[in-house]
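Asker: Residue numbers (numbering that gives the first Met the number 0), protein chains in the order written: chain D, 0 to 102; chain E, 0 to 329. Structure below; questions to follow.
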Amino acid sequence: MKTHAKKQMTVICEVPVMHRITRVLDKVPVTGYTIFPALSGRGSEGTWDRDRIIGDAGRMVMIVSVMSVEQADIAIDRIYEALEPQMGIITVADVDVLRPERF
Amino acid sequence: MEAILQLAAANILSPPVLFFILGFAGSIAGSQLTLPEAVAKTLSIYLMLAIGFKGGVALAAEGLTLALMLALLAGIILSALIPLVAFFILQRISKLPRIDAAAAAAHYGSISIVTFVAATQAVRSIGLEPEGFMVAVAAAMETPAILVALFLARSAAKQRKAADPDAGEGLLQEVFLNSSVVVLMGAFVIGAVTGTEGMAAIEGFIVVPFTGVLCLFLLDMGAVAGRGMAQARKVLDARLVGFGLFMPFIGAAMALPFALIAGLSPGGVALLMTLAASASYIAVPAAMRLALPEARPSIYLSLSLGVTFPMNLTIGIPAYAAVARLVTGG
């Protein structure tokens, strides 16, 4: 089966910052993204658990978006700028997709 | 003094506060007790809805009064003024960087709606009936403190705006449209519009189960506060803990003359003092993560959630109620 090279961007950030990231993705614009709630984890400040936190501060989400190489070039700089002072992780990976017209 | 002790004893021995203490003690002892996020959120929305609706119905009966306008104005002034005082004290007594002090100060100017709900329940249980419009005062006090904190930490806020010109959009949404303000004020308006007929229609949902739901919610909040206190022991020194314990009394004292000028009833005076004494731990932390991300959440959350919230719930509320009674002769 023929596959096509694309980029997958994954951003893990706090819930209050989430809309900043999706605004950047909307403006690029990418075709779409999916947001997952993060259940728990461990970072530089220690362990955390979604159910043990009150309010959105400190709760984390993961935003996943598949896009073209050109879109990824634009998005990465803008997302870095928006997320730079915040806690979070940005990764970009090479992925293969079956339906290139969708991304 | 005797009156304060009597009220404190009655408050501590009420089911909601005992459940809070249970959650708190369990958490300190290492229990993993916690409600799922979705349940806690639902309970919190229920409480906002019920308290907002009841306030609206009371307003419909009382009508628009000068006291309402004065109390709203007092709430807004207090919310803007308290962070300045808190910031000044923090700068004097601690070595916190300016940005941490500004973020912490914002929490003390804004309010804890759970403390307000518990205080409403507590003053009613001792026979004081607060004005229904105090709900609107609570909602009005959420925001000004955040704006003052941004002013206090203006250099960092300016840098943020330069980096992300749209940053203000998310912040304004967080500040003005956070779920507690929307539900509280929305239910308040619905209560005011539908009045006693509306109350008769949903009384079985929002009046009878209220105290039980509050118990369940405070059980979870006790566990959250217990974890906050465990965190506080790691990140706060004695001076900051002292600030978290005494700042509420300074806020309450600042509110007293405003409450008397507004002509509030003893219950209303107690509630305005409680609002001024309480510190936010839901709306303001989220706004601070957007506006002042360099400020350390471990400091401001530990202070408001681990120190001030449990102190207000157990000692503060009865003390404010006793002072309100004493001063107004109620």
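Backbone N, C-alpha and C define an ideal beta-carbon position, used for all residues, glycine too.
Within this structure, are the beta carbons of Y319/E and L304/E separated by less than 8 Å?
Answerer: Translated into the one-based positions of the second sequence, residue 319/E becomes position 320. Translated into the one-based positions of the second sequence, residue 304/E becomes position 305. No, Cβ-Cβ distance for Y319/E and L304/E is not below 8 Å.
Asker: Report yes if the C-beta distance between M272/E and V113/E is below 8 Å; otherwise report no.
Answerer: Along the second sequence, read from residue 1 onward, the residue named residue 272/E stands at position 273. Along the second sequence, read from residue 1 onward, the residue named residue 113/E stands at position 114. Cβ distance not < 8 Å, so M272/E and V113/E don't count as in contact.
Asker: Got a sec? Which residues, its chain only, sit under 8 Å from F187/E by beta carbon, not counting five neighbours each side?
Answerer: Working through the second sequence from its first residue, we reach residue 187/E at position 188. Excluding sequence neighbours, F187/E sits near G51, F52, G54, G55, L58, V134, A135 and A138.
Asker: Can you confirm whether R101/D, when its beta carbon is compared against all beta carbons of chain E, has any partner nearer than 8 Å?
Answerer: By 1-based counting over the first sequence, the position of residue 101/D is 102. No, because no Cβ of chain E sits closer than 8 Å to the Cβ of R101/D.
Asker: For R98/D, return the contacting residues in chain E, with the cut-off set at a CB-CB distance below 7 Å.
Answerer: Residue numbering aside, residue 98/D sits at position 99 when the first sequence is read from its first letter. Here the premise fails: no neighbours, minimum Cβ distance about 32 Å.
Asker: DSSP three-state label for P36/D, please.
Answerer: Within the first sequence, numbered from 1, the residue matching residue 36/D stands at position 37. The answer is strand: DSSP assigns P36/D an E or B state.
Asker: Applying the 10 Å Cβ sphere with the 16-neighbour rule, what's the burial state of S43/D?
Answerer: In the first sequence, residue 43/D corresponds to position 44, counting from 1. Exposed, because fewer than 16 other Cβ atoms sit within 10 Å of the Cβ of S43/D.
Asker: If you measure from the beta carbon of G54/D to each beta carbon in chain E, is any gap under 8 Å?
Answerer: Against the first sequence, residue 54/D aligns to sequence position 55. It does: the Cβ of G54/D has a partner Cβ on chain E nearer than 8 Å.
Asker: With H, G and I counted as helix, E and B as strand and the rest as coil, what does DSSP make of K26/D?
Answerer: By one-based count along the first sequence, residue 26/D stands at place 27. Here K26/D sits in helix by DSSP.
Asker: Thinking just about the alpha-carbon of each residue, which of M246/E, L263/E and L300/E is nearest to the one in A282/E?
Answerer: The residue given as residue 282/E occupies position 283 in the second sequence. Ranking the options by Cα distance to A282/E, first place goes to L300/E.
Asker: Which bits of chain D does A281/E rub up against, with CB to CB less than 7 Å?
Answerer: One-based indexing of the second sequence puts residue 281/E at position 282. Here residue 281/E turns out to be Ile, not Ala, going by the sequence shown. Correct list: I53 and G54.
Asker: How would you list, in chain order, the residues of chain D whose beta-carbon sits under 9 Å from the beta-carbon of L146/E?
Answerer: Residue numbering aside, residue 146/E sits at position 147 when the second sequence is read from its first letter. Going along chain D, no residue has its Cβ under 9 Å from L146/E, so there is no contact; the nearest lies around 17 Å.
Asker: Name the chain D residues whose beta carbon is nearer than 8 Å to that of V322/E?
Answerer: Numbered from 1 along the second sequence, position 323 holds the residue referred to as residue 322/E. Correct list: empty, because the minimum Cβ distance to chain D is about 29 Å.
Asker: Any chance the region 20–36 of chain D sits against the region 62–70 of chain D, with 3 or more Cβ pairs inside 8 Å?
Answerer: Judged by Cβ distances under 8 Å, the region 20–36 of chain D makes contact with the region 62–70 of chain D, as three or more pairs qualify.
Asker: What's the C-alpha gap between D236/E and K94/E?
Answerer: Reading the second sequence from its first residue, position 237 is the one you call residue 236/E. Reading the second sequence from its first residue, position 95 is the one you call residue 94/E. Roughly 10 Å between the two C-alpha positions.
Asker: Would you check if the distance between the CB atom of G57/D and the CB atom of P296/E is smaller than 8 Å?
Answerer: Working through the first sequence from its first residue, we reach residue 57/D at position 58. Working through the second sequence from its first residue, we reach residue 296/E at position 297. Yes, the Cβ-Cβ distance between G57/D and P296/E is below 8 Å.
Asker: So, does the CB of E141/E fall closer than 8 Å to a CB anywhere in chain D?
Answerer: Within the second sequence, numbered from 1, the residue matching residue 141/E stands at position 142. E141/E does not count as touching chain D.
Asker: Strictly under 8 Å for the Cβ-Cβ distance: is E69/D near chain E by that measure?
Answerer: Residue mapping note: residue 69/D aligns to position 70 of the first sequence, counting from 1. Cβ-Cβ to chain E under 8 Å: no for E69/D.
Asker: In chain E, which residues lie with their C-beta within 7 Å of the C-beta of R49/D?
Answerer: Residue numbering aside, residue 49/D sits at position 50 when the first sequence is read from its first letter. Those are E36, listed as they occur along chain E.
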